[in-house]
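Same order as they appear, the protein sequences are chains G and F.
Each number in my numbering corresponds to the 1-based position in the first sequence with 12 added.
Each number in my numbering corresponds to the 1-based position in the second sequence with 384 added.
Take a look at the structure below.
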Amino acid sequence: MTSPKTYIKAASVTQAISCATGHTGNFRYLAGGTDVMVNKFQGNDEASLLIDISEISDLKGIAINDSFVRIGALTSLEELIVHPLVTRYFPVMAEAAKSVASPIIRKTATLGGNLLCENRCSFYNQSEWWRDAAGHCLKCDGPICLATGGNKNCFSKFVSDTAVALIGLNASIEVADNDGVVVIPLEIIYTGDGINPRRLSKTAIINAILLPLGEDCRTIYKKLRKRETLDFTSLTSAVSFHNDGRIRIVLGGVHAQPVIVDGSVTDDLPYLISRAVSTTRIVDNDTYSRTYRKEMVGVFLNRSFKELQLI
Amino acid sequence: MQQISLKINGRKYDLLVGDHEMLSHVIREKAGLTGTKVGCEQGSCGACTVLVNDKAVLSCITPAMRCDNAEITTIEALSQNGRLHLLQEKFVEKGAVQCGFCTPGMVMTALSLSKTLISKEGIPGLIHQIREGLSGNLCRCTGYKKVIEAVAEYVMESSAIKFPEKESDGVKPALRGAVGTRRPYIEAEKKVRGAAEYADDIVSKNQLHCKFLRSTYSHARIEGIDIQEALALPGVHYIATGKELPVKFGVLPVSQDETAMAVDKVRYIGEIVAAVAADSEETAAAACKLIKVKYAPVKAFLTIDDSLNDAGMDEKIHDYGKFNNNIHKKAELRFGDQLQGLRDADLTSKMFFEFDGVNHGFTEPHAATASWDENGLTITTATQVPHYLHRALARVLEVPLSRVRVIKPYLGGGFGGKSDPFPHEIIVAHIARKTGRPVRVRLNREEVFLTNHGRHPSRMTVELGISNDGILKVLDADIAIDGGAYGSFGVVTSYYNGVLLQAPYKLDNFGFRTYRVYTNKPQCGAMRGHGAVNSRFAVESLIDDLASRIHMDPCDMRMKNFLDSDTLTVGHYRITSNGSRESLEKVMEQSQWKNRFGKMQMGRGLGVACGFFISGSALPIIWNDLPQSVVHLKLDFDGRVLVTSGSSDIGQGSDTMLAIIISEVLGIGMDKIFVLAADTLLTPVDFGSYSSRVTFMAGNAAKDAAENLKTEIVNALIRRHDLSSEEFNFYDDRVFSNDRAIDLSWMEVVDLLTSNRGAVCVSGKYISPKLGGDFKGAGAGLSPSYSFGACVAEVEVDLETGYVKVLDIWGAHDCGKALNPLAVEGQLEGSWHMGTGQAISEQMKYHKGLLFNNNFLDYKIPTSLDTPEIHANIIETIDPEGPFGAKEAGEGAIHPVIPAIANAVFNAVGVRITRLPINAEDILTKMKEHKSAEKKNGV
């Protein structure tokens, strides 16, 4: 029998974590909830306890000091788009945020939530009834991946657009858990396992995102989707070119985790592109075909290099 | 459950809510504020938008618990002291309200948006911000154009931001009804206030909620259904299974092939197998999970080819039929001499086309409530065809027609998708009878997609031959359409695919063959532009191809081939008024076609196409001698004319159309007219809203009724004043003789008419003239009148990604006479929006018979950002038989827009589109092939 549905609004991070730690069943933190609630509606998220952290004031606000800009994890994507510190120092961040979902969703969706957005797949993001009819896939406790027929790997797509931009900007996150607060590079929380795509402990909460200042770089951001709004990504790319010659390519939507390829302006750029393409793990689980998305990785990167005037 | 306190619209509510209950549910079901709509339940459509502490949120994905002590503003709070908010006024005035289902959410989003707009780049900047800001709110009726206009005007009039003076179009809604006046729908205010009740807004005392168990197999025998455990669940009152309702039904008499629930076997994934009625939806849903069904799967037929072929030893989808295959219908007609036509042609083009199925995407999910009392059954349901549902209910429930009453409340869009009798309607009626309690059902979006009845997936080989000077010589079409598991309108669809190719161009040698097959998928049926949208696409693409090959401007080639007015087509369609030329001229001029076509840079292109459509089918679906439409008028002592009509306003504005016609004929203000429509007990039979028939047929019946009332009045005047005969004028709320010797106010006339008599009732009707040839199949596509039109589209194609952006649509449509130009524009803009969707993004995708994209995130209806600039032009040709010259405007306009977009892609990148939706990947592949062919040829 499923445990009764409960809801708690946490007043502080400590309270939220202790609440989560003490809970025996499934729980889910709720920031904006725009991803979680849809997954709950479809029966993908079975958490019986919702711990609403959306009113914790410590998780809000954008501040600057000498070395970084600190963005509270609860900052809504809408706030992010127009915030002067973001538009001034990290315009690509605003661009990425603006490419997420629709304007009405961005009013509620948070940056922290977007970083933790659940991986997606055409065979997984379906109702419970649908998945019963299709036969359950690896990501919902089934024996095989319906997209590939394999039984080892889940290829659900990593779809956080803001994470792609943030990793390009060398962002770190401040994470609170039972044993205190740590600051870690954002990219290390992603595992590449479609079933359990994040390495964070279940009780951990992202307090804030730290964006280092003084990274003298320009970033070109692109997103592939059928409509100009609302849609999750079929391919997101952020290509950063640093003044010292470093190049960082970050891709979303093409693997269970963000694909990161570091290089330098002295590298053979077509080779860099082919390295990026070969690092992706694209399967037919999206509105666009595998072949097309693969081809588009090259097109996006090539275009980005052109816009950066590297080729 | 926890107790929370919500301040909704200033009033405090202490409510017990579920821990995971959504705010939308609390607002609608517990606070009873049904102005907030639920269209998708997953934040993709925006219909549920409300303000929480002044912030716009999607209430369908907001936990109610989160809102404890919050201030919530819903649409109901916007109008104050009986006056609309200025923003609401603008929605009404601009015609931004059609079906009205998305309207409350749209208004709330716009209100929130209007506070954040920043003044930059003048009006274009403002428009862009609005377009962007509304892009999370889907609308299927308006094409967003009038919504954006309404919001822009509101912002300009209300904000401190100063915008340059906008040139006034000088049209304010007139107080009096008159043909040709731009007029918001009569019920627009009610809709924009959130006060209009849709099927799911109606709550009955002591109601039960119904949920369905749906098949998880495409094609399987049902070996057993065990409902015991489900029945034992507290709160469950009744569980129905297929055997209780064995009588078959279907909208067409020739396709009575469906049962309310699967009886012995299931024919598609999603078919209803059992229905639970319980105290709450949650309980009903939980009980569905406890029902155990034992299936024995048999081979599923999922493709057209599979179903065309001999089924061998495998079990057919339906037993009947002479042959051992799954062909439902073969339709074939040949006119002239196609072989001779081919010999006469100097040049031919033959291509193979493929089309995915598309869904209507109306924003209001199906919903119904049924109950029984001493008068039999009453069902309130979202239907386009109360009359056919009336018949189906009587048939399946085995009760006399006199024991069934169907009421259509306000309806949130149909587009053909609510024009069949549906299983859920029959089931709730059945369970209501069994339990003696009202039973309510609403489908979720996934169920709406599974119910489908959308446009048929089709494929066809079409060949067109022309002479060197661009005259059409011959047309042949070989078509196969995928009907899904049941018949629906499919027999008509089969014919329409072919017969509706015999205009707007003159063709002497023409023939087609269509196969409709059954497959184990949700059934297909009628959708806007029924039957001919895909084959029209094929023909317009072939014309474009041939024009390009003979280096002729494709507009010129079309001009050369148009049928004239007052002529017959090769298949004996009687063409009366015909505005093809005017339509094409208009869009050529407006798009600056002659200056720009063929002179654009690579990647940018213009395309053109034309079309036509019926103004109602001249033949009834059920063969009998009832008139197609009857309208009753009752004039009583208070001076008000009550109009009763069985026609179904589905958001297209037909109630308003009736009032306009009565107002025009009787010369009285709209305030003296009350329309009561679509209640099969109170209103005379009208066949319903399909085949673009309502304005022409119900409009003519209304006109006839009004003229009959006029005659009653004139006779009364003659009697009173002892005249031999006299001509009277009905104008401006007065009735007067030419010499003004008799000059009476409307109330004086009413007193005179009703004295010693009481209320006067008159009837009007419309019966289509006898039309058509005497061959089998001659009846398909016969209509007393046809609409015509043309579109030019401009696109930009990304040469590296293949992404197609539709920039502009210039469209013109000959609707005979626009009784209400504001409503006609709305229909045209909506059609071109919907066509853009089928062209670039919409498709129903299946995985082994299971619909992949059954939600508004994955089924990609264009948002306000994806919808091009639409420039609508009304062409008036004054049809001799239409009411005041009017013809259809609701469907025909979708025909030309899709091929116009594809032809523009060809113009932009030289790639001929033969598959819909247009796919970026296909474009890239073909561009590469094109390039390598050029290389090979040394170009």
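Ideal Cβ positions, reconstructed from N, Cα and C, are used throughout, including at glycine.
Just so we're clear, the structure is a prediction, and the values are computed from it rather than from any experiment.
- Within 8 angstroms of the CB of Ala1082(F), no CB atom of chain G is found; the nearest one sits about 37 angstroms away.
- From the beta-carbon of His1231(F), the residues of chain G found nearer than 9 angstroms are Ser134, Phe135, Ala146, Leu158.
- Between the C-alpha atoms of Lys235(G) and Gly1186(F) there is a straight-line separation of about 14 angstroms.
- Scanning its chain for C-beta atoms nearer than 6 angstroms, with the 5 sequence neighbours on each side dropped, one finds around Leu848(F) the residues Ser733, Leu859, Leu926, in chain order.
- Selection Lys589(F), His712(F), Phe1058(F) evaluated against Val638(F) yields His712(F) as nearest (Cα-Cα).
- The beta carbon of Gly634(F) is closer than 6 angstroms to those of Gln640, Asp641, Glu642, Gly871 in its chain, skipping five residues each way along the sequence.
- According to DSSP, Asn1257(F) shares a beta bridge with Ala1196(F).
- Pairing Ala159(G) with Thr303(G), the inter-Cα distance amounts to about 14 angstroms.
- For Gly564(F), no Cβ of chain G is located within less than 8 angstroms of the residue's own Cβ.
- Fewer than three beta-carbon pairs drawn from the segment 963 to 974 of chain F and the segment 1025 to 1042 of chain F are found closer than 8 angstroms, and the two stretches are therefore not classed as touching.
- Residue environment: Gly798(F) is assigned as buried (16 or more neighbouring CB atoms within 10 Å of its CB, all protein chains considered).
- DSSP places Ile532(F) inside the alpha helix (DSSP H), whose first and last residues are 529 to 542.
- In this structure, DSSP gives Asp862(F) an extended state, which the three-state scheme calls strand.
- Taking the CA atoms as reference points, Asp721(F) sits about 40 angstroms from Asp1192(F).
- Counting C-beta pairs closer than 8 angstroms gives three or more between the segment 454 to 474 of chain F and the segment 416 to 426 of chain F, which meets the contact rule.
- By the CB criterion at 8 angstroms, Leu62(G) and Ala85(G) fall outside the cutoff.
- For Trp1007(F), there is no enclosing beta strand (DSSP E), as DSSP marks it with neither H nor E.
- Remark: C-beta atoms of Leu150(G) and Cys166(G) approach each other more closely than 8 angstroms.
- DSSP, read as helix, strand or coil, puts Met1311(F) in helix.
- Listed as beta-bridge partners of Gln138(G) by DSSP are no residues whatsoever.
- By the Cβ rule, the segment 46 to 61 of chain G counts as touching the segment 438 to 449 of chain F, because three or more pairs are nearer than 8 angstroms.
- Going by beta carbons, Gly760(F) and Arg787(F) fall inside the 8 angstroms limit.
- DSSP places Cys432(F) in the coil class of the three-state scheme, outside both helix and strand.
- Residues of the same chain with a CB within less than 7 angstroms of the CB of Ala1089(F), apart from the 5 flanking positions on each side, are Val1015, His1016, Leu1017, Val1146, Ser1147, Gly1148 in chain order.
- In chain order, Gly1037, Thr1040 place their CB closer than 6 angstroms to the CB of Tyr569(F), counting only its own chain and leaving out the 5 sequence neighbours on each side.
- Ser1031(F) sits away from Tyr1170(F), with the two beta carbons spaced by 8 angstroms or more.
- Close partners of Glu240(G) in chain F (Cβ separation under 8 angstroms): Ser519, Thr1247, Leu1249, Asp1250.
- Within the same chain, Ile653, Gly654, Glu655, Ile656, Val657, Glu831, Leu834 come within 8 angstroms of Arg598(F) by CB-CB distance, once the 5 residues on both sides are set aside.
- As computed with DSSP, Gly608(F) is found in a beta bridge with Lys678(F).
- Between Ile865(F) and His837(F), the C-beta gap is not smaller than 8 angstroms, which leaves the two residues out of contact.
- In this structure the segment 1246 to 1262 of chain F touches the segment 1201 to 1214 of chain F; the number of beta carbon pairs closer than 8 angstroms is three or more.
- Residue contact with chain G for Phe1236(F): present (Cβ-Cβ distance below 8 angstroms to some residue of chain G).
- Near chain F, meaning a CB-to-CB distance below 7 angstroms, the residues of the segment 105 to 116 of chain G are Ser114, Pro115, Ile116.
- Here Leu1065(F) is not near Glu1096(F), since their CB atoms are 8 angstroms or more apart.
- Think of a sphere of 7 angstroms around the beta carbon of Gly84(G): no beta carbon from chain F falls inside it, the nearest being about 17 angstroms out.
- The CB of Asp153(G) never comes closer than 8 angstroms to any CB in chain F; the least such distance is about 17 angstroms.
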